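*Asks:* Going by the numbering used here, the first residue of the sequence shown is number 13, and it counts up by one from there.
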Amino acid sequence: MSNKVALIGAGAMGGAIGARLVETGNNLTVFDLDKDKVAALTAKGATAAASAAAAAAVSDFVILSLNSPKIIHAAVFGLEGVAAGARPGALIIDMSSIDPDATKAIAAEAADRGLRWVDSPLSGGAPKALTGQLTLMAGGSERDVLDAHQVLRHVASNYTHMGPVGAGQTTKLINQVLCALNFLAVAEATQLALDAGVDAAKIPQALKGGRADSAILQEYMPRYVTKDYRRTGRIDNMVKDLNGAQDLARRTNTAMPLTAVCAEIHRMLTASGLGGEDQAALMEFFKGPNKEIAG
Numbered sequence: 013m014s015n016k017v018a019l020i021g022a023g024a025m026g027g028a029i030g031a032r033l034v035e036t037g038n039n040l041t042v043f044d045l046d047k048d049k050v051a052a053l054t055a056k057g058a059t060a061a062a063s064a065a066a067a068a069a070v071s072d073f074v075i076l077s078l079n080s081p082k083i084i085h086a087a088v089f090g091l092e093g094v095a096a097g098a099r100p101g102a103l104i105i106d107m108s109s110i111d112p113d114a115t116k117a118i119a120a121e122a123a124d125r126g127l128r129w130v131d132s133p134l135s136g137g138a139p140k141a142l143t144g145q146l147t148l149m150a151g152g153s154e155r156d157v158l159d160a161h162q163v164l165r166h167v168a169s170n171y172t173h174m175g176p177v178g179a180g181q182t183t184k185l186i187n188q189v190l191c192a193l194n195f196l197a198v199a200e201a202t203q204l205a206l207d208a209g210v211d212a213a214k215i216p217q218a219l220k221g222g223r224a225d226s227a228i229l230q231e232y233m234p235r236y237v238t239k240d241y242r243r244t245g246r247i248d249n250m251v252k253d254l255n256g257a258q259d260l261a262r263r264t265n266t267a268m269p270l271t272a273v274c275a276e277i278h279r280m281l282t283a284s285g286l287g288g289e290d291q292a293a294l295m296e297f298f299k300g301p302n303k304e305i306a307g
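(1) Does the Cβ of Gly288 have 16 or more other Cβ atoms within 10 Å, making it buried, or fewer, making it exposed?
(2) Going along the chain, which residues of its own chain have a beta-carbon closer than 8 Å to the beta-carbon of Val251, five neighbours each way excluded?
(3) Give every residue of the same chain whose Cβ lies closer than 6 Å to the Cβ of Ala168, excluding the five residues on either side of it in the sequence, and list them in chain order.
(4) Buried or exposed for Glu154, going by 16 or more other Cβ atoms inside 10 Å?
(5) Between Ala28 and Leu142, how many whole angstroms is the CB-CB distance? I'm expecting something under 8 Å.
(6) Could you check whether Val74 and Lys56 sit closer than 8 Å to each other, using their CB atoms as the reference points?
(7) Within a Cβ cutoff of 7 Å, which residues of the same chain sit near Ala65, ignoring the five residues on either side of it in sequence?
(8) Distance check for Leu103 and Gly222, CA to CA, integer angstroms please.
(9) Is the beta carbon of Ala293 less than 8 Å from the beta carbon of Tyr241?
(10) Any heavy atom of the ligand COA closer than 7 Å to the Cβ of Val157?
(11) Quick one, which of Lys214, Ile247 and Asp248 has its alpha-carbon nearest Met233's?
(12) Taking Phe195 as part of the alpha helix (DSSP H), name the residues at either end of that continuous run.
(13) Skipping 5 residues on each side, what residues in its chain have a beta carbon closer than 8 Å to that of Glu200?
(14) Under 8 Å Cβ to Cβ from Ala272, same chain only, skipping five residues before and after it: list those, please.
(15) Look at the Cβ atom of Ser132, then the Cβ atom of Asp106, and state whether they are nearer than 8 Å.
(16) Mapping the DSSP letters down to three states, classify Ala150 as helix, strand or coil.
(17) Once DSSP output is grouped into helix, strand and coil, what is the label at Arg99?
(18) Apart from the five residues on each side of it in sequence, which residues of its chain come closer than 7 Å, Cβ to Cβ, to Lys184?
(19) Could you tell me which uninterrupted beta strand (DSSP E) segments, each at least 3 residues in length, are contained entirely in the region 66 to 148, listed from first to last along the chain?
(20) Per DSSP, what kind of secondary structure is Lys16 in: helix, strand or coil?
(21) Sort Pro100, Met25, Lys82 and Ile83 by Cα distance to Trp129 and report the nearest one.
(22) Go to Val34, then tell me how far its alpha helix (DSSP H) extends in each direction, as first and last residue.
(23) Helix, strand or coil for Leu45, going by three-state DSSP, please let me know.
(24) Can you name the residues that DSSP bridges to Leu314?
(25) Within a Cβ cutoff of 8 Å, which residues of the same chain sit near Ile305, ignoring the five residues on either side of it in sequence?
(26) Closest to Tyr326 by C-alpha separation, out of Gly180, Gly30, Leu196 and Leu190, would be which residue?
(27) Might you give, ordered along the chain, the residues of its own chain that have their beta carbon closer than 6 Å to the beta carbon of Pro112, omitting 5 neighbours on each side?
(28) Output needed for Asp44: all residues of its chain with C-beta closer than 7 Å, excluding positions within five of it in sequence on either side, in chain order.
(29) Alpha carbon to alpha carbon, what distance is there between Leu158 and Ser71?
(30) At a Cβ threshold of 8 Å, is Ala120 touching chain D?
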């Protein structure tokens, strides 16, 4: 029997998740304020809903793919929100990336309404969602995380229960710190290779399998070299996540000097108008008077 799933938020990430769920036989009902995004999924076999409440009313699982705690709170508890239509005991799976403390507060409010909550932020982006190869880090009770896997197994190849509600979001912040530092390190190394006259395009193959190897090295150094700024993520979204990591570090009294430098570089690029660009645009930071990097 197919799962009855509501999807609230059909942007780049939510749209990819929705497409994969339809492809793998789930009964998907979708709501988004952007009707074109909804239409893209209904064309694949999803059903459109007039509101988040209407989508939740016909579903056992509700997936959220939204941008901030404020938007999530409105989508769940606002007029015609999820809570207004969801069945008692319905499971909300928040695949957004937000602050762990905000997650705990929203989940507690949902529990007061008889709704279950799992925070399951992701790593891998839309391309991995489309092939069912996302990495998911889940927070919630053992039962709820296990139940959520009935749906999430269709989009993820790696699904780990990290602890109670909020633990998934904390793990995602750690993931983002590691990714941001790696993006920056690869960009810096690429510029050194270019300045030193080494064929930087050969470096990923030369270092493949060694300690310096990484998925980001393999994917992004060729993009840095060729000035390929096609968007698969946004610099300003990384700023949001690094801000979250730094807020958590202040609460835990954790020293994070490298993250601080990395965050400032991301903020500088955002302030210069590059916030909407892909991480590949980090090469702009290394652009000097005699370097022509951006196209």
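Every residue gets a Cβ at the ideal spot worked out from N, C-alpha and C, and that includes glycine.
Note that the structure is a prediction, hence the values are computed from the model and not measured.
*Replies:* According to the structure shown:
(1) What you label residue 288 is simply residue 276 of the sequence shown in a count that begins at 1. Flag for Gly288 reads exposed.
(2) Along the sequence shown, one-based indexing puts residue 251 at 239. Excluding residues within five positions, the ones whose Cβ falls inside 8 Å are Ala275, His278, Arg279, Thr282 and Gly287.
(3) One-based indexing of the sequence shown puts residue 168 at position 156. Taken in chain order, the residues that qualify are Leu146 and Leu148.
(4) The residue you call residue 154 lines up with position 142 of the sequence shown. Classification for Glu154: exposed.
(5) Taking the first residue of the sequence shown as 1, we reach residue 28 at position 16. Taking the first residue of the sequence shown as 1, we reach residue 142 at position 130. At roughly 5 Å, the Cβ-Cβ gap stays under 8 Å, so Ala28 and Leu142 are in contact.
(6) Within the sequence shown, residue 56 is the residue found at index 44, counting from 1. Within the sequence shown, residue 74 is the residue found at index 62, counting from 1. Not a contact, by the Cβ cut-off of 8 Å.
(7) Here residue 65 is taken as the residue at index 53 of the sequence shown, counted from 1. Excluding residues within five positions, the ones whose Cβ falls inside 7 Å are Glu92, Gly93, Val94, Ala96 and Gly97.
(8) What you label residue 222 is simply residue 210 of the sequence shown in a count that begins at 1. What you label residue 103 is simply residue 91 of the sequence shown in a count that begins at 1. Approximately 43 Å between the Cα atoms of the pair.
(9) The residue you call residue 293 lines up with position 281 of the sequence shown. The residue you call residue 241 lines up with position 229 of the sequence shown. Cβ distance < 8 Å, so Ala293 and Tyr241 count as in contact.
(10) Looking for the ligand COA in the displayed structure turns up nothing, as the structure carries no ligands at all.
(11) In the sequence shown, residue 233 corresponds to position 221, counting from 1. Closest by alpha carbon: Lys214.
(12) By 1-based counting over the sequence shown, the position of residue 195 is 183. Looking at the DSSP string, the run of the alpha helix (DSSP H) that includes Phe195 is Ala179 to Ala208.
(13) Position 188 of the sequence shown holds residue 200. Once the five neighbours on either side are set aside, the close Cβ partners of Glu200 are Phe298.
(14) By one-based count along the sequence shown, residue 272 stands at place 260. The residues are Gln258.
(15) Here residue 132 refers to the residue found at position 120 of the sequence shown. Here residue 106 refers to the residue found at position 94 of the sequence shown. Yes, the Cβ-Cβ distance between Ser132 and Asp106 is below 8 Å.
(16) Indexing the sequence shown from 1 puts residue 150 at position 138. In this structure, Ala150 counts as strand in the three-state DSSP scheme.
(17) Within the sequence shown, numbered from 1, the residue matching residue 99 stands at position 87. Coil.
(18) As a first step, residue 184 must be located in the sequence shown, where it is residue number 172. Around Lys184: Ser109, Pro133 and Met149.
(19) 73 to 76, 103 to 106 and 128 to 131
(20) On the sequence shown, residue 16 is found 4 positions in, with the first residue counted as 1. If DSSP states are grouped into helix, strand and coil, Lys16 belongs with the strands.
(21) Counting from 1 along the sequence shown, the entry for residue 129 is found at position 117. Comparing Cα positions, the closest option is Pro100.
(22) Residue numbering aside, residue 34 sits at position 22 when the sequence shown is read from its first letter. Per DSSP, Val34 belongs to the alpha helix (DSSP H) from Ala24 to Glu35.
(23) Along the sequence shown, one-based indexing puts residue 45 at 33. Coil.
(24) A query on residue 314 cannot be resolved here, the shown segment of the chain reaching from 13 to 307 and no further.
(25) The residue labelled residue 305 in the question sits at position 293 within the sequence shown. A caution first: Ile305 carries a pLDDT of 45, below 50, which makes its placement in the model unreliable, though a value can still be read off. Here the set comprises Lys239, Met295, Glu296, Phe298 and Lys299.
(26) The structure shown does not extend to residue 326, since the chain is modelled only from 13 through 307, so no value can be given for it.
(27) Numbered from 1 along the sequence shown, position 100 holds the residue referred to as residue 112. Contacts found: Gly178, Gln181 and Thr182.
(28) Within the sequence shown, residue 44 is the residue found at index 32, counting from 1. Excluding sequence neighbours, Asp44 sits near Gly21, Ala22 and Val50.
(29) On the sequence shown, position 59 is the one that residue 71 refers to. On the sequence shown, position 146 is the one that residue 158 refers to. Whole-angstrom Cα-Cα distance: 18 Å.
(30) No chain D is present in this structure, which holds just one protein chain.
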